[in-house]
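Shown next, in structure tokens, is the structure this report addresses.
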Amino acid sequence: MSFQLTAEQEMIRLMARDFAKKELEPFAGEWDRKEIFPEKAIGKMGGLGLMGMMVPVEYGGAGVGAVSYSLALQEIAYACASTAVTMSVNNLSSDPILQFGSEEQKQRYLLPLAGGEMLGAFAVTESEAGSDPGNITTRAEDCGDHFLVNGSKLFITNGNRADVIILIARTVSEKSNRGLSAFLLTKGTPGFRIGRREDKLGLRASDTVELLFEDCRIPKENLLGKEGSGFKIAMVALDSGRIGIASQSLGIARACLHESIRYAKTRKQFGKNISSFQAVQWMIADTAAEIEAASWLTLSAADRKDQGIPFTKEASMAKLFASEMANRAAYRALQIHGGYGYMKEYKVERLYRDARVTTIYEGTSEIQRIVIAREVMQD
Ligand code: CAA
Numbered sequence: 029m030s031f032q033l034t035a036e037q038e039m040i041r042l043m044a045r046d047f048a049k050k051e052l053e054p055f056a057g058e059w060d061r062k063e064i065f066p067e068k069a070i071g072k073m074g075g076l077g078l079m080g081m082m083v084p085v086e087y088g089g090a091g092v093g094a095v096s097y098s099l100a101l102q103e104i105a106y107a108c109a110s111t112a113v114t115m116s117v118n119n120l121s122s123d124p125i126l127q128f129g130s131e132e133q134k135q136r137y138l139l140p141l142a143g144g145e146m147l148g149a150f151a152v153t154e155s156e157a158g159s160d161p162g163n164i165t166t167r168a169e170d171c172g173d174h175f176l177v178n179g180s181k182l183f184i185t186n187g188n189r190a191d192v193i194i195l196i197a198r199t200v201s202e203k204s205n206r207g208l209s210a211f212l213l214t215k216g217t218p219g220f221r222i223g224r225r226e227d228k229l230g231l232r233a234s235d236t237v238e239l240l241f242e243d244c245r246i247p248k249e250n251l252l253g254k255e256g257s258g259f260k261i262a263m264v265a266l267d268s269g270r271i272g273i274a275s276q277s278l279g280i281a282r283a284c285l286h287e288s289i290r291y292a293k294t295r296k297q298f299g300k301n302i303s304s305f306q307a308v309q310w311m312i313a314d315t316a317a318e319i320e321a322a323s324w325l326t327l328s329a330a331d332r333k334d335q336g337i338p339f340t341k342e343a344s345m346a347k348l349f350a351s352e353m354a355n356r357a358a359y360r361a362l363q364i365h366g367g368y369g370y371m372k373e374y375k376v377e378r379l380y381r382d383a384r385v386t387t388i389y390e391g392t393s394e395i396q397r398i399v400i401a402r403e404v405m406q407d
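All residue numbers for the sequence shown refer to our numbering, where the first residue is 29 and numbers rise by one.
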């Protein structure tokens, strides 16, 4: 068993760190305040191969695998968690095309998604189908050469920016997981429009919208995988996606740790730097130890994916632990900053808000526990 990263993985981590430090970190606060989507930075990330890291080279990706992807995403999230979710959801939309797409679909959509010329989104969630995608009501009716889609999707990351969206809709009226199918929905498809833009607590530089479908015609060739396999396609994609959210959580937690140390070493109370007080040291020690634990859980899930070994349980464990840990790290970082941490002037205020959603999207902590318990009890 080796705990060493390869030279290539180290190099990718440093490249992502360097990019994030120059191109994201100086601007992330302003993007958050003004809700600016970092379009130019995302474009540059495409050029560096960061938008298709797990996609094989023959389909336009970097083909460097899940461990490298996780390392890079952690660095991006350290600097800007909004950019990290944009990158992560692009992967969430590429992965199902790689795994279930026809050769033609891979050529048409995967190549530009992996190369950063297109942006992807993943549309599962509806107002009455969050944790329970089996309750999806958006209907896709088979009309011969096309499907006619009616309904709506909620909280869709990248929804307003995406060129291609993985849409999960119901092709069988009876409510069951097996009645769902996956489609490749492209920007500009007649009958598809963007609805409400969400006003969020955190990740305010990421794009989150509602999608509306009124007699939206999706050509038959845009069915992804087999009819009726939409639920499984979504689950397989989310397994991978959860490694992404665990990595994003790690990046946020590391930023919390560094901000805590920096502040504690300069802030004086009772005539001493607060870093000399044991109460503060313990908070810093707990965060550091938990980051290490979350890091190994996440890299182990990613390594299993790279090796082609099942990783559903490991991805859920990583997502559960890392996201809850990031929230504890953010709480402690703000506590160490005291009143200053509550002010927008300090970076920890943004980190605290950005951390919050990580225990919610791509499966709440409660859903991760269901997945883990099922897998463990089955073992
Ligand atoms: N891989 C492959 N197949 C899987 C699977 C997986 N990980 N998980 C389940 N399946 C299969 C099962 O084997 C089963 O197959 P059969 O019908 O052939 O037997 C089928 O799918 C149904 O599985 P379950 O009976 O386990 O389904 P369930 O209704 O009990 O739900 C669940 C299971 C784990 C709770 C699931 O509903 C779930 O993960 N919910 C959370 C959804 C979620 O994460 N939503 C987030 C939206 S996306 C998002 O947030 C993106 C963003 O913007 C950032």
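Where is the CB? At the ideal position from N, CA and C, for every residue including glycine.
Practice prompt. With Cys-171 as the anchor, note down where its beta strand (DSSP E) starts and where it stops.
Written response: On the sequence shown, residue 171 is found 143 positions in, with the first residue counted as 1. Taken as a continuous stretch (DSSP letters only), Cys-171 belongs to no beta strand (DSSP E), as it is neither H nor E.
Worksheet item: Unbroken alpha helix (DSSP H) runs of length 4 or more, entirely within the stretch 64–150: which are they?
Response: 67–75, 93–107, 109–128 and 139–143
Worksheet item: How is the beta strand (DSSP E) around Ala-210 delimited, first residue to last?
Response: Translated into the one-based positions of the sequence shown, residue 210 becomes position 182. Element bounds for Ala-210: 208–214.
Worksheet item: Can you list, in chain order, the residues of its chain whose CB lies under 6 Å from that of Ala-190, leaving out five sequence neighbours each side?
Response: Walking along the sequence shown from the start, residue 190 turns up at place 162. These residues qualify, in order along the chain: Leu-147, Gly-148 and Ala-149.
Worksheet item: If you draw a straight line from the alpha carbon of Phe-298 to that of Ala-357, how long is it in whole angstroms?
Response: Counting from one through the sequence shown, the residue named residue 298 turns up at place 270. Counting from one through the sequence shown, the residue named residue 357 turns up at place 329. Answer to the nearest angstrom: the Cα atoms are 25 Å apart.
Discussion item. Please determine whether the Cβ atom of Ser-159 lies at a distance below 8 Å from any heavy atom of the ligand CAA.
Written reply: The count along the sequence shown starts at 1 and reaches residue 159 at position 131. Yes; taking the cut-off as 8 Å, the Cβ of Ser-159 has a heavy atom of the ligand CAA nearer than that.
Discussion item. Quick check: is any heavy atom of the ligand CAA less than 8 Å from the C-beta of Tyr-389?
Written reply: As a first step, residue 389 must be located in the sequence shown, where it is residue number 361. Answer for Tyr-389: yes, Cβ within range of the ligand CAA.
Practice prompt. Please classify Asp-407: does DSSP put it in a helix, a strand, or coil?
Written response: As a working note, residue 407 is residue 379 in the sequence shown. Coil.
Worksheet entry | Of the residues Leu-240, Trp-59 and Leu-212, the one placed nearest Leu-141, counting alpha carbons only | Residue mapping note: residue 141 aligns to position 113 of the sequence shown, counting from 1. Leu-141 has its Cα closest to that of Leu-212, out of Leu-240, Trp-59 and Leu-212.
Worksheet item: Helix or strand or just coil, what does DSSP make of Ile-193?
Response: Translated into the one-based positions of the sequence shown, residue 193 becomes position 165. Looking at Ile-193 - three-state DSSP - the assignment turns out to be strand.
Discussion item. Tell me the DSSP secondary structure of Asn-301 in three-state form.
Written reply: Taking the first residue of the sequence shown as 1, we reach residue 301 at position 273. Strand, per DSSP.
Worksheet item: Taking the alpha carbon of Ser-204 as the point to measure from, which residue in Lys-260, Ile-222, Thr-217 and Thr-185 has its own alpha carbon closest?
Response: Here residue 204 refers to the residue found at position 176 when the sequence shown is read from its first residue. Of the listed residues, the one whose Cα sits closest to Ser-204 is Lys-260.
Worksheet entry | Run of the beta strand (DSSP E) containing Asp-243, from where it starts to where it stops | Numbered from 1 along the sequence shown, position 215 holds the residue referred to as residue 243. First-last of the beta strand (DSSP E) with Asp-243: 236–247.
Discussion item. Could you check whether the stretch 271–288 touches the stretch 102–122, counting it as contact only if at least three pairs of C-beta atoms, one from each stretch, sit closer than 8 Å?
Written reply: yes
Worksheet item: When you compare only the Cα positions, how much space is there between Ser-344 and Gln-396?
Response: To locate residue 344, count along the sequence shown from 1; it is residue 316. To locate residue 396, count along the sequence shown from 1; it is residue 368. For Ser-344 and Gln-396, the distance between alpha carbons rounds to 5 Å.
Discussion item. Can you tell me whether Ser-288 is helix, strand or coil according to DSSP?
Written reply: Translated into positions along the sequence shown, residue 288 becomes position 260. If DSSP states are grouped into helix, strand and coil, Ser-288 belongs with the helices.
Worksheet item: Thinking C-beta only, is Gly-93 closer than 9 Å to Ala-346?
Response: By 1-based counting over the sequence shown, the position of residue 346 is 318. By 1-based counting over the sequence shown, the position of residue 93 is 65. Taking 9 Å as the Cβ cut-off, Ala-346 and Gly-93 do not qualify as a contacting pair.
Discussion item. The ligand CAA and Asn-205: does any heavy atom of the ligand fall closer than 8 Å to the residue's C-beta?
Written reply: Start at 1 with the first residue of the sequence shown, and residue 205 comes out as number 177. Within the cutoff, so yes.
Worksheet item: Apart from the five residues on each side of it in sequence, which residues of its chain come closer than 6 Å, Cβ to Cβ, to Asp-60?
Response: For the purposes of this step, residue 60 is identified with residue 32 of the sequence shown, where counting begins at 1. The answer, listed in chain order, is Arg-232, Ala-233 and Arg-378.
Worksheet item: For Ile-400, is the beta carbon positioned less than 8 Å from some heavy atom of the ligand CAA?
Response: For the purposes of this step, residue 400 is taken as residue 372 along the sequence shown, with counting starting at 1. Outside the cutoff, so no.
Practice prompt. Answer yes if the stretch 76–90 comes into contact with the stretch 114–126, meaning at least three C-beta pairs across the two stretches below 8 Å, and no otherwise.
Written response: yes
Worksheet entry | Any non-hydrogen atom of the ligand CAA closer than 8 Å to Val-264 Cβ | Numbered from its first residue, the sequence shown carries residue 264 at position 236. Yes, since a heavy atom of the ligand CAA falls inside the 8 Å radius drawn around the Cβ of Val-264.
Item to complete: Just confirm the distance between the C-beta atoms of Ala-354 and Thr-386, as a whole number of angstroms; I'd bet it's less than 8 Å.
Response: The residue you call residue 354 lines up with position 326 of the sequence shown. The residue you call residue 386 lines up with position 358 of the sequence shown. Contact holds; Cβ gap of about 6 Å.
Item to complete: Could you please give the first and the last residue of the uninterrupted beta strand (DSSP E) stretch that includes Phe-220?
Response: Walking along the sequence shown from the start, residue 220 turns up at place 192. Note, Phe-220: beta strand (DSSP E), 220–225.
Worksheet entry | Simplified DSSP assignment, three categories, for Phe-31 | Taking the first residue of the sequence shown as position 1, residue 31 is located at position 3. It is coil, neither helix nor strand.
Discussion item. Would you call the stretch 66–76 in contact with the stretch 123–139, where contact means no fewer than 3 C-beta pairs closer than 8 Å?
Written reply: no
Practice prompt. Confirm, please, whether the CB-CB distance from Met-43 to Ala-105 is below 9 Å.
Written response: On the sequence shown, position 77 is the one that residue 105 refers to. On the sequence shown, position 15 is the one that residue 43 refers to. No; because the gap between Cβ atoms is not below 9 Å, this pair is not in contact.
Item to complete: Within its chain, find whatever has a CB closer than 6 Å to the CB of Tyr-97; leave out the 5 residues flanking it on each side and keep chain order.
Response: Mapped onto the sequence shown, residue 97 falls at position 69. Closer than 6 Å at the Cβ level, and outside the excluded window around Tyr-97, lie Met-81 and Met-82.
Worksheet item: Nearest CA to the CA of Phe-241: which residue from Arg-221, Glu-249, Glu-255 and Ile-337?
Response: Indexing the sequence shown from 1 puts residue 241 at position 213. It is Arg-221 whose Cα lies nearest to the Cα of Phe-241.
Discussion item. For the ligand CAA, is there any heavy atom lying closer than 8 Å to the beta carbon of Leu-213?
Written reply: Here the question's residue 213 lines up with position 185 in the sequence shown. No, the beta carbon of Leu-213 sits no closer than 8 Å to any heavy atom of the ligand CAA.
Item to complete: Can you say whether His-365 is buried or exposed, counting buried as having 16 or more other CB atoms within 10 angstroms of its CB?
Response: Residue numbering aside, residue 365 sits at position 337 when the sequence shown is read from its first letter. Buried.
Item to complete: For the alpha helix (DSSP H) containing Asp-382, list its first residue and its last residue.
Response: On the sequence shown, residue 382 is found 354 positions in, with the first residue counted as 1. Asp-382 -> alpha helix (DSSP H) spans 375–384.
Worksheet item: Helix, strand or coil for Asn-178 per DSSP?
Response: Here residue 178 refers to the residue found at position 150 when the sequence shown is read from its first residue. Strand at Asn-178.
Worksheet entry | 6 Å CB neighbourhood of Tyr-380 in its chain, flanking five on each side removed | If you number the sequence shown from 1, residue 380 lands on position 352. Around Tyr-380: Ala-358 and Leu-362.
Discussion item. DSSP has Ala-157 in a bridge; who is on the other side?
Written reply: Translated into positions along the sequence shown, residue 157 becomes position 129. The partner list for Ala-157 (beta bridge, DSSP) reads Glu-154.
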